[in-house]
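Enquirer:
Number of protein chains: 2
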Amino acid sequence: MSNQETTEADDPIAACCPALTAPLSTEQAAALAAAFKALGDPVRLRLLSLIASQPGQVCVCELTPAFELSQPTISHHLKLLRQAGLVDCERRGTWVYYWIVPGALERLAAVLSPQTLATSSR
Amino acid sequence: MSNQETTEADDPIAACCPALTAPLSTEQAAALAAAFKALGDPVRLRLLSLIASQPGQVCVCELTPAFELSQPTISHHLKLLRQAGLVDCERRGTWVYYWIVPGALERLAAVLSPQTLATSSR
DNA sequence: TGCTTGATTCGATAACCATCAATACAGGGC
DNA sequence: GCCCTGTATTGATGGTTATCGAATCAAGCA
């Protein structure tokens, strides 16, 4: 659980960045589906939103009280977001800080709407 | 099952288009999560990809043979994509044609990466 | 009207998953 | 070393979902 632990081999998105307008292979579809599935839960979306709306990093101790769920549940959801390559975290003493993996959301967005990304890169 | 049946009241995305960088309400998160959950299955992603990669509309009879799944399973997945507001369909005689709902994927992409959309609109 | 083809829906089933309490792990202070 | 706080993991549980075969619906044709 450090900055080095999320490598491209672990990031299911960075390994491939196809567009939906090109036919997906079974492997590409599985990798992308895993990322979207991570977003397919309201709690995880709200966690992601809370993390994304703060500049820099957010401590778990700030995230957990925002939900009427148990601490293990929040931890479990954060783990799924990590495994999906959308967030990363670092422990500093007792506290654990989370942040959005740079470019992860943009890459997913580009899959859904490749023309939009192509336009912005000009 | 016609062009008129997918209205904004039925489309879970069009009703709201927040950005992840703004804190999501419980309702917004539920609506968005439903759309992402529809994408969170490899079969549905590949179906969406096949539909998106064809200009115009695609007949179910072309989609089903591309998978090693039963026809009811493909039909079930297409229904989930319809309910998520990502595709729509129309029956013409025996055949049923599907297409991507215009703007649906772009709106989802904008949730993930609002700066990208803002740039392309300039 | 009866039969055929294509597509959707239904119901059962096994696999998957969100949630919790309990437990384990990580770190800090005395 | 002991105790405390914070966080992650474990295992059980009830709810959800992908898949299939059967049934139903929709349309076309003789």
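So the sequence lines, in the order shown, correspond to chains G and X. The first sequence runs 1 to 122 under the numbering used here. The second sequence runs 1001 to 1122 under the numbering used here. Beta carbons are placed, not taken as given, at the ideal position from N, Cα and C, and that holds for glycine.
Buried or exposed: where does residue 72/G fall if 16 or more other Cβ atoms within 10 Å of its Cβ makes it buried?
Expert: Exposed, since its Cβ has fewer than 16 Cβ neighbours within 10 Å.
Enquirer: Taking only runs of the beta strand (DSSP E) that begin and end inside the region 66–93 of chain G, which ones reach a length of at least 3 residues, in chain order?
Expert: You should have 87–92.
Enquirer: Residue 110/G CB to nearest chain X CB: under 9 Å?
Expert: Yes, contact with chain X.
Enquirer: So is residue 45/G buried or exposed if we call it buried at 16+ other beta carbons inside 10 Å?
Expert: Buried, by the Cβ-count rule.
Enquirer: With DSSP as the reference, label residue 140/G as helix, strand or coil.
Expert: As displayed, chain G neither begins before 1 nor continues past 122, which places residue 140/G out of reach and without an answer.
Enquirer: Mind checking if residue 1070/X is an interface residue toward chain G, Cβ cutoff 9 Å exclusive?
Expert: Residue 1070/X does not count as touching chain G.
Enquirer: Can you check whether the CB of residue 108/G is closer than 9 Å to the CB of residue 1113/X?
Expert: A contact, by the Cβ cut-off of 9 Å.
Enquirer: Comparing C-alpha positions only, which one of 26/G, 63/G, 31/G and 38/G sits nearest to residue 1023/X?
Expert: With distances taken between Cα atoms, residue 1023/X lies closest to 63/G.
Enquirer: Assuming the contact rule is C-beta atoms closer than 8 Å, residue 1084/X and residue 1035/X should be a hit. Round their C-beta distance to whole Å, please.
Expert: So it is a contact: roughly 5 Å between Cβ atoms.
Enquirer: What ranges does the alpha helix (DSSP H) occupy inside the region 15–44 of chain G, keeping only unbroken runs of at least 4 residues that lie completely in it?
Expert: The region 15–44 of chain G contains these whole alpha helix (DSSP H) runs: 26–39.
Enquirer: Would you kindly work out how many angstroms separate the C-alpha atoms of residue 104/G and residue 86/G, rounded to a whole number?
Expert: Computed Cα separation, rounded: 6 Å.
Enquirer: Taking the alpha carbon of residue 1055/X as the point to measure from, which residue in 1111/X, 1098/X, 1106/X and 1110/X has its own alpha carbon closest?
Expert: Of the listed residues, the one whose Cα sits closest to residue 1055/X is 1098/X.
Enquirer: Please report the straight-line C-alpha distance between residue 101/G and residue 1100/X, rounded to a whole angstrom.
Expert: Distance between the alpha carbons of residue 101/G and residue 1100/X is about 29 Å.
Enquirer: Using DSSP's beta-bridge definition, name the partner residues of residue 1100/X.
Expert: Answer is 1087/X, bridged to residue 1100/X.
Enquirer: Spatial neighbours of residue 50/G within its chain, please: CB distance less than 7 Å, with the 5 preceding and 5 following residues excluded, ordered by chain position.
Expert: Within the same chain, residue 50/G has close Cβ partners 58, 63 and 66.
Enquirer: Return the residue from the list 69/G, 77/G and 25/G that minimises the CA-CA distance to residue 39/G.
Expert: That would be 77/G, whose Cα lies nearest to the Cα of residue 39/G.
Enquirer: If the cut-off is 9 Å on Cβ atoms, which residues from the region 37–50 of chain G count as contacting chain X, listed in chain order?
Expert: Answer set for the region 37–50 of chain G: 37, 38, 39, 40, 41, 42, 43, 44, 45, 46, 48, 49 and 50.
Enquirer: Would you mind working out which of 1043/X, 1037/X, 1031/X and 1026/X sits nearest residue 26/G, comparing C-alpha positions?
Expert: When only C-alpha atoms are compared, the closest one is 1043/X.
Enquirer: Which bits of chain G does residue 1053/X rub up against, with CB to CB less than 7 Å?
Expert: Under the 7 Å cutoff, chain G gives 21, 22 and 23.
Enquirer: Anyone know if the C-beta pair for residue 1048/X and residue 1069/X falls short of 9 Å?
Expert: Their beta carbons are not under 9 Å apart, which means residue 1048/X does not touch residue 1069/X by this criterion.
Enquirer: How big is the Cα-Cα spacing for residue 96/G and residue 53/G?
Expert: C-alpha separation (whole angstroms): 17 Å.
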